[in-house]
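The sequence shown runs 3 to 397 under the numbering used here.
Structure record follows, encoded as structure tokens.
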Amino acid sequence: MQFASRLDNVETSAIRELFKLLGKPGIISFAGGFPDSAMFDVEGLKEASQKALTEEPGGALQYGATEGYEPLRTQLSAFMKTKGVDVDTSGLIVTTGSQQALDLLGKTMISPGDKVIVEGPTFLATIQCFRLYGAQLISAPIDANGVKTDELEKLIAEHKPKFVYLIPTFGNPSGAMLSLERRKKVLELAVKYQTLIVEDDPYGDLYFGEAPPPSILALSKDVPGSRELLAHCGSLSKVLSPGLRIGWMIAPAELLAKATMCKQFSDAHTSTFSQATAAQYLKSGRMPATLAHVREVYGQRAQAMGAALKRELGDAVSFTQPQGGLFFWARLTGANGKLADANELAKRAIEKLVAFVPGAPFYAEKPDLATLRLSFATADVAKIEEGVKRLGQAL
């Protein structure tokens, strides 16, 4: 069979390949990027789905508008208002998870050979998606405070990218949080170079303790001309349920119109039943309590993992304690002659019945082979401590 040439530029996800090794009994996995299913508000969702079927069964079960189910768009507009963003329902579309929003951006914005700047490291599915549409990806370096805006400006000036893709708040895989100062700088760069900024924000509500700075979108009201150069992707997957497949995109009207057209070709619309259920859930007022619960649990697990890494691996690993999200991003230092290759450590770790994801696949270019991603989301404190102990033994 002769497949499309666009497939030549993408590979199967290294993470999905790793999952094939996770069937061993007794294994503790820090590999996935999933929320903990024990955190799902099953009763609240059950009540919401029943209300959806009782109050408007036709809307919940019938075909719907490609842009999204209007009651959900209304609720999402109100949800964004709590985060400092004024957006009318016409200013957003509902997507099948925020990952579809990235695919729609690829379809509408990328022609083969176009340059796109991403963080190094960044979300693996983004690398694969944008490459599928023929993008030439350029990595902007990051640190614990997110993308280095001085370096980003040099790259924008040199490459004149079609757009810049960022995960400013608790990025996957980095866990980094872009500082307030740098967020403002990103907006200034957008205006100065007339470059579209894509802000992916699936983790922004999962903070531990103090809330993060406002989103780049929320801050755009203070930088004239920047709002029309922003696309913002949101999701309920990490805070409510991935199975609902509810995401959204806020963008300039012209971009939304093109994205809606492309979405119409691919899935007609996101599941109306899922949308009606999500709308009823947001309307119920249960979301604040749900968020408070998941923040507390994930915060405890993050603290436990940070303490265990220091205790069990010591100076053989360096990391910044995450302030939110689902991930630790760590780097093997090679101290005292210990291993500094995360791929080799991953093999040894599986033998010790613990799993993580090596960091190299998260780089669009110049991968750092010493890096690794650890998720604390689905393991309780006892399993985190045991798993990191096994990781120390493997090292």
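Note that the Cβ used here is the ideal one computed from N, Cα and C, for glycine as well.
My output table needs one value for residue i: the three-state DSSP class, helix, strand or coil.
i	result
Ser222	helix
Phe321	strand
Ala137	coil
Leu242	coil
Thr151	helix
His1	Lying outside 3 to 397, the shown extent of the chain, residue 1 is not represented and no answer is given.
Ser39	helix
Tyr209	strand
Thr262	helix
Pro290	helix
Ser31	strand
Thr84	coil
Pro143	strand
Ala366	coil
Leu397	coil
Val359	strand
Ile2	Coverage of the chain is limited to positions 3 through 397, which leaves residue 2 absent and any answer about it impossible.
Thr68	coil
Ile386	helix
Thr97	strand
Thinking C-alpha only, which one of the options is nearest residue i?
i	options	result
Ala309	Val166, Lys240, Val296, Gln323	Gln323
Ala80	Val296, Met41, Gly287, Asp152	Gly287
Gln52	Met251, Ser276, Asp38, Thr110	Ser276
Pro163	Ala255, Ala137, Gly316	Ala137
Pro73	Ser176, Val96, Lys385	Val96
Tyr71	Ala54, Met82, Val87, Thr84	Ala54
Ala50	Ala62, Ala40, Ser39	Ala62
Asp90	Thr76, Gly249, Ala294, Leu293	Thr76
Leu311	Leu168, Val390, Glu45, Ser100	Val390
Asp207	Asp224, Ser239, Ile199	Ser239
Met179	Ile218, Leu154, Ile199	Ile218
Leu355	Arg333, Leu341, Ala344, Lys385	Lys385
Gly46	Phe5, Leu242, Ala379	Leu242
Asp202	Lys156, Arg350, Pro226, Phe172	Phe172
Thr124	Ser141, Pro214, Asp152, Ala220	Ser141
Leu376	Arg133, Phe321, Arg229, Glu353	Phe321
Thr84	Arg313, Ala213, Asp10, Val383	Ala213
For residue i, count neighbouring Cβ atoms within 10 angstroms of its own Cβ and tell me buried if that reaches 16, exposed if not.
i	result
Thr279	buried
Gln395	exposed
Gln196	exposed
Asn338	exposed
Val12	exposed
Met263	exposed
Ser237	buried
Pro27	exposed
Asp43	buried
Phe358	buried
Gln4	exposed
Leu198	buried
Thr380	buried
With which residues is residue i paired in a DSSP beta bridge?
i	result
Tyr167	Val120, Val200
Ser377	Phe329
Cys131	Answer is none; Cys131 lacks a bridge partner.
Asp343	Partner(s): none; Asp343 has no beta bridge.
Cys235	Asp202, Met251
Gly179	The sequence shown places Met at residue 179, rather than the Gly named in the question. The partner list for Met179 (beta bridge, DSSP) reads Thr171.
Say whether the stretch 297–308 touches the stretch 100–118, bearing in mind that this needs 3 or more beta-carbon pairs closer than 8 angstroms, one atom from each stretch.
-> no
Should the stretch 182–200 be called in touch with the stretch 329–337, which here means at least 3 C-beta pairs below 8 angstroms?
-> With a cut-off of 8 angstroms, the stretch 329–337 and the stretch 182–200 do not count as touching, because too few Cβ pairs lie within range.
At least three beta-carbon pairs within less than 8 angstroms, the stretch 260–280 to the stretch 29–44 = no
Does the stretch 121–129 come within contact of the stretch 362–370, defined as at least 3 CB pairs closer than 8 angstroms?
-> Yes: the two stretches touch, three or more of their Cβ pairs being nearer than 8 angstroms.
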